[in-house]
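Reading through the structure tokens given below for one structure.
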Amino acid sequence: MSISEMIQQIDDLKSKIDALRPIPADTMDRIMRKFRLDWNFHSNNIEGNSLTFGETKAFLLHGLTAAGKPLKDHLDIKGHNEAIHELEDFIKENKPLTQFIIRSFHKLLLVEPYETEAIDQNGKKILKKFQPGKYKEFPNHVKTITGETLTFTDPLKVEEEMQALLIWHEKEMKERMLHPLVFAATFHHAFIKIHPFDDGNGRLARILMNLILIKNEYPPVIIKTEDKENYLRALQIADGGEINTFVEYVGQQLIRSLEIMLKGVKGENIEEPGDLDKEIQLVLKQIEISKKDIVKAKKDALNLNYTFRNSLFPLMKKLEIITYKFKEFYHEIENESIITLNSGHQITFQEFVDFEYWVDHSEQELDTLRSVIILGRLKGFKHSSETGNDYSFALNIRFNDFNYEIQTGTAGIKEIGLYDQIIPTEKIEKICNYVGREILIFIKNIQ
């Protein structure tokens with residue numbers, strides 16, 4: 037099948053799905069749960085240490101660096117699952133893809149720093165440390181099956197080449213000159229050729245490829261473990277300048293995903309033999325995670341970005357919803373955030389979107405963040421002419437080296453958060469409901 041014929045089949049399948057829109061939320065959840073299960077299971081198994089020597093050697097070209105070694109399975113699963121959820125949130129927010137965002141995804145994937153034995157370019161054994169979220173500092177290379185050495189982008193040029201790739205990505209997102217299949221597959225291969233990190237490049241390339249597809253309203257492509265040889269072969273051919281072979285391979289997997297999605301939208305069964313076994317394995321690996329040491333991450337810009345996007349921003353949004361429940365009582369409801377840096381310098385944000393933008397684009401300042409105060413003001417009580425009925429509250433967040441503290445007032449709730457963990461929904465509800473109840477008590481006392 038030619039690429040043009042494949043694209044026609046892809047477009048036909050998508051048209052059938054689009055004709056059934058809007059898709060009910062519970063139906064879409066069921067479909068995405070299936071894709072998420074397959075994606076987590078296969079993407080990590082592809083890079084697992086259960087491969088034979090020959091398979092591992094072949095895969096080093098595209099899944100790991102020559103000096104690399106996969107993380108333990110349970111850490112892979114945790115990181116990959118969190119990265120998928122972060123990807124879904126990122127798509128909803130419709131933000132541009134930046135190097136900082138890519139490094140944040142990488143940090144989610146690798147979870148924590150680790151050391152392993154490696155071989156340098158001179159053939160000597162060294163102890164190498166892998167740092168999540170940081171570009172490589174030393175050259176990475178692989179030996180192909182034919183014995184040739186393939187080197188990737190020099191560390192000094194990684195940032196430049198990544199920026200060029202992202203400029204092309206943004207241009208293509210706006211102009212849409214390529215079919216999303218061609219766009220996604222080409223981006224995947226270009227990212228692998230740069231190999232910006234010491235480890236995790238294969239997994240991250242597949243996540244970014246699917247980011248492009250999902251943003252264009254296509255389902256994610258799943259590379260199955262049992263099909264890894266064809267995947268690697270297509271990538272190797274692309275390395276020789278024949279990108280169409282890889283585009284065709286990705287297209288075959290996209291057709292499969294579209295067929296699953298169409299069945300799901302029609303209400304048909306989309307479970308496959310072995311899905312239950314996959315889910316059991318994932319749960320077992322999640323249980324292993326809970327047995328590990330609790331405190332792992334230290335405060336830095338990447339960890340703070342992760343904490344804001346996954347814990348504090350959801351908390352702030354929920355708090356805003358709670359305060360607006362009282363609009364029948366007050367004429368004006370204001371929310372603002374005041375950040376304090378280690379230098380003592382303060383920045384005030386009246387709009388939530390401005391705060392989000394600062395977190396995503398102020399890496400150096402974010403690295404020196406000391407505290408945040410979230411203020412709420414309810415002004416102009418509607419049901420009494422007396423003065424003194426305005427209400428205000430403050431949520432204080434202090435960032436320590438290895439954790440952060442959330443305090444509601446002086447005698448309210450205090451919660452401790454860790455930089456590599458997401459605040460559970462029930463804790464967010466607890467904090468916000470406390471604030472809401474305090475407001476309600478104040479209003480009752482006015483009557």
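As numbered in this note's numbering, the sequence shown has no gaps in its residue numbers, which increase by one up to the final residue, 483. All residues carry an ideal CB built from backbone N, CA and C; glycine is no exception. Computed from a predicted model, the values in this text were never measured in an experiment.
Consult DSSP for LYS165 and reduce its assignment to one of helix, strand or coil.
Annotated three-state conformation of LYS165 is strand, per DSSP.
What residue range does the alpha helix (DSSP H) around LEU414 cover?
Per DSSP, LEU414 lies in no alpha helix (DSSP H) segment; the continuous beta strand (DSSP E) that holds it begins and ends at 405 to 417.
Spatial distance of VAL303 from PHE223 (CA atoms)
The sequence given here has Gly at residue 303, not Val. Taking the straight line joining both Cα atoms gives about 33 Å.
For ILE67, which three-state DSSP category applies?
helix
Measure the C-alpha to C-alpha separation of PHE385 and LEU377 and round it to an integer number of angstroms.
14 Å
Taking its Cβ as the centre, do 16 or more other Cβ atoms sit within 10 Å of PRO149, making it buried, or is it exposed?
Result: exposed.
By alpha-carbon positions, which one of LYS161, ILE248, VAL218, LEU338 ends up nearest to LEU133?
Shortest Cα-Cα distance from LEU133 to any of LYS161, ILE248, VAL218, LEU338 involves ILE248.
What are the boundary residues of the alpha helix (DSSP H) that THR222 is part of?
216 to 230
Under the rule that 16 or more other beta-carbon atoms within 10 Å means buried, what is PRO232, buried or exposed?
Result: buried.
From which residue to which residue does the beta strand (DSSP E) around THR376 run?
Here the beta strand (DSSP E) through THR376 covers 366 to 377.
Look at the alpha carbon of ILE452 and the alpha carbon of THR461, and state the distance between them as a whole number of angstroms.
14 Å
Complete runs of the alpha helix (DSSP H) confined to the segment 256 to 315 [at least 4 residues]:
264 to 275, 279 to 301
Contact belief for HIS177 with PHE188 at Cβ below 8 Å, rounded distance in angstroms:
7 Å
Beta carbon of ILE53: closer than 7 Å to some heavy atom of the ligand MG?
Within the structure as shown, the ligand MG is missing, as the structure has no ligands at all.
Would a C-beta distance cut-off of 8 Å place LEU411 and ALA430 closer than the cut-off?
yes
By alpha-carbon positions, which one of ASN425, ILE279, TYR254 ends up nearest to ILE292?
Note on residue identity: the sequence assigns Arg, not Ile, to residue 292. Nearest C-alpha to ARG292: TYR254.
Which residue from SER421, GLU401, ASP65 puts its Cα closest to that of HIS381?
GLU401
Give the single residue among GLY472, PHE438, TYR427 whose Cα lies nearest to the Cα of ILE449.
Ranking GLY472, PHE438, TYR427 by Cα distance to ILE449 puts GLY472 first.
In DSSP terms, what HIS177 is bridged to:
THR187
Would you kindly work out how many angstroms separate the C-alpha atoms of LEU123 and ILE459, rounded to a whole number?
18 Å
Within the continuous beta strand (DSSP E) that includes GLN382, where are the two ends?
382 to 385
Distance between ALA200 and ALA221 (C-alpha atoms, nearest Å):
Annotation: ALA221 to ALA200 spans about 17 Å, alpha carbon to alpha carbon.
8 Å CB neighbourhood of VAL283 in its chain, flanking five on each side removed:
ILE39, LEU217, VAL218, ALA221, THR222
Quick check on this structure: which residue in ASP396, PRO256, PHE349, PHE126 has the alpha carbon closest to the alpha carbon of CYS468?
PHE349
For PHE429, which beta-bridge partners are listed by DSSP?
GLY412
Count the other CB atoms, across all protein chains shown, that sit within 10 Å of the CB of ILE464; report buried if there are 16 or more and exposed otherwise.
buried
Where the alpha helix (DSSP H) through GLY238 begins and ends
237 to 251
For GLN400, the three-state DSSP class (helix, strand or coil)
Three-state DSSP puts GLN400 in a helix.
Cα separation between GLU399 and LEU338?
The alpha-carbon atoms of GLU399 and LEU338 are separated by roughly 8 Å.
Applying the criterion that 16 or more other CB atoms from any shown protein chain within 10 Å of the CB defines a buried residue, is VAL389 buried or exposed?
exposed
Rounded separation between ASP313 and ILE46 - CA only
30 Å
CA nearest to the CA of MET64, picked from ASN439, MET297, LYS164, ILE162
Among ASN439, MET297, LYS164, ILE162, the Cα nearest to that of MET64 is on MET297.
Would you kindly check if the distance between the Cβ of LYS143 and the Cβ of TYR366 is under 8 Å?
no
Between LYS332, ASN280, ASN481, which has its C-alpha nearest MET37's C-alpha?
Measuring C-alpha to C-alpha distances from MET37 to each of LYS332, ASN280, ASN481 identifies ASN280 as the nearest.
Output the distance between the C-alpha atoms of ASP48 and LEU240, rounded to the nearest integer angstrom.
Rounded to the nearest angstrom, the two C-alpha atoms are 29 Å apart.
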